[in-house]
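Below: one structure, written as C-alpha cells.
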Amino acid sequence: MEFRVKVLDGSCGVSACVIDAVNEADARRQVALRSLRVISLEPVRRLRRVLRQPQLQLAVFSQQLVSLLDAGLSLVEALEALAHKDSATGTQRVLERILLRLYEGQTLATAIAEHPATFPELYVASVRASEKSGALRAALTRYIAYQQQADALRKTLVNACIYPAVLLVAGLLVTLFLMGYVVPRFSSIYEDLGSDLPLASRILLQWGQLLDAHTGLVVVGAVATLAGAGYALSRPAARAAAGAWIARIPSVGRQLHVYQLARLYRTTGMLIRGGIPAVPALRMAAGVVRASSRAAYAAATRAVTEGQSLAAAMESHGLTTAVAARMLRVGERSGNMGEMMERIADFCDEELARWVAVVTRLIEPVLMIVIGLIIGVIVVLMYFPIFQLAGSIR
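The numbering of the sequence shown is our numbering, which starts it at 18 and goes up by one.
Rendered as C-alpha cells:
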C-alpha cells in the first residue's frame, strides 16, 4: 500500500513524498534508510489510489523479463531496464522496491512477495521453486503459458456470452419502448371504444398507461434493481449462492465442474512442473476451487497427505472425470504428474469449448424467436382493435 510522508532532511528542510510499502513499519524503515526523519505519515486514501495510473501488468512484465534474460542481461540489469523503460508511476514504484530488496541481498521471490496485489501466490511460489534449481527463465515461461491458456479459456466463455447478451438487451429496450411510448399513444386513440376492445388488448393498454403515468418511478426502480444486483454479485456469499443455483441445472452444472477441473489441474500441474511437491501444490491451488467443492478438495488433499495416491483421492471425492482419473493413474506410474495434469486441463478445455460452441449455436436462434414472439404479440395486440374496426365497417 501507499503512504504519504512528510520528512525532515539533514538541512532542516521539509518535503513530502509518497512511499509504496507493505505496512507503516516498512514505510518508516524506508525513510530511515534515506537518512530522513518522519514528521507525519498516513496511508493514501482508497479513492486516490483508484484514480492513480494502472499498476504493473504481470503477463507483459514476465514476457519482457524473459526476453531480457534471453538477451544475456542479469536479473538486476533486466529489472533496471524495465524500471527505466516504463512510464507508469505505479509500475516504476513496484520495480524500484523490488530492486531495492535485491540490492539488500534478498531473493527475487522474497522481494515480489511484498506486493501480493501485483504478484499472486502462484507466481511467487513458482519463482521461489525456480531459485532452488536456477531455472528462473523456465518458471517465467511456464507461468506465461499458464496465463495465456487461462485467458484464452476465459475469452472463449466471454465471447460466447456477448451476442446473447446483446440480443437480450436489444429485445428489452425495444419492448420498453413499445410499452412506455407506443402503447400509451395507441391507448388515447382507443379511449372511445372502451369495453369493446378485446380483453388482451385492454390489459396491454392498461399496462402501457401505467408505465407512462409512472415513468419516473419505473426508471428509479430499474436503476435501483440494477444497482442492487451489481452490489449483490460483488459479495462473495451472493456469488456462491448464484453459482450453487446455476450448478443445479444438469448440463450447465457438469460444464461448470469441467471448467473448475481445468483451472485446478492447470494450476497444480504448473506448480508441480516448477519443482513444488504435490501436497504444497495442491494447497496452493485451493483458491481456484469453487466454494461448493472446497470441502471435498480439502478432504482429498488430506488423503494425499496421509499417503493415498493422488488419482484415488481425487476420484473418490468427485474431483475428476473418467478420462482424468485414468490419466492421473498413468501420470503416477510414469512419474510425470505435472505434465499429465496440464494435459488433463487441455482435455477439459477442449470439452468445454465444444459445449460452448454447441450451446451458442442453439441459444442464439431460440433467443431471436422468443424476442420476436414477444414483440410480435405486443404489435398484434396494439393493431388488433384496428383490424376489428375495419371488419365491422365492411
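Ideal Cβ positions, reconstructed from N, Cα and C, are used throughout, including at glycine. None of these values were measured; they are calculated from a predicted model.
Extent of the continuous alpha helix (DSSP H) run through residue i
i	result
V269	P267 to R290
I161	L153 to F194
T322	R311 to T322
Y198	From DSSP, Y198 is part of no alpha helix (DSSP H); its letter is neither H nor E.
V77	L75 to D87
A303	From DSSP, A303 is part of no alpha helix (DSSP H); its letter is neither H nor E.
Q223	L216 to A230
I293	From DSSP, I293 is part of no alpha helix (DSSP H); its letter is neither H nor E.
H101	L92 to K102
N-terminal and C-terminal residue of the beta strand (DSSP E) that residue i is part of
i	result
P60	R54 to P60
Reference residue i; option with closest CA among the options
i	options	result
G352	A374, I56, G292 and R300	G292
V199	L184, L139 and W224	W224
R219	F401, V296 and V240	F401
L139	K149, T124 and Y160	Y160
R290	A126, A130, A146 and A315	A146
T192	V269, W372 and L390	L390
C-beta atoms of residue i and residue j nearer than 8 Å
i	j	result
M287	Y163	yes
A328	L345	yes
L336	A312	no
R21	A33	yes
S204	L190	no
A98	L90	yes
K102	S57	no
T127	R118	yes
A155	R283	no
V83	T158	yes
Residues near residue i in its chain [Cβ-Cβ closer than 6 Å; skip 5 each side]
i	result
G348	M354 and M357
D229	P201
V394	none
V67	Model confidence at V67 stands at a pLDDT of 42, short of 50, so the residue's coordinates are unreliable; what they give is reported in the following sentence. Within the same chain, V67 has no close Cβ partners at all.
L116	L96
Y276	L369
R65	Residue confidence is low: R65 scores 44 on pLDDT, short of 50, so the model does not pin down where it sits. No coordinate-derived value is stated.
Cβ shell of residue i (< 7 Å), same chain only, five flanking positions each side left out
i	result
A279	L170, A362, C365, D366 and L369
I388	L184 and G188
V396	none
A298	T285, L288 and I289
T377	A177
F404	none
Integer-rounded CB distance, given that residue j should sit under 8 Å from residue i
i	j	result
L85	R54	Not really, about 38 Å apart at Cβ, beyond 8 Å.
L273	A261	About 10 Å separates the two Cβ atoms, so there is no contact after all.
P137	E381	That pair is no contact at about 36 Å.
Proximal residues to residue i (C-beta, below 8 Å), its chain only, five neighbours per side dropped
i	result
A315	A303
I392	G188, V191, T192 and L195
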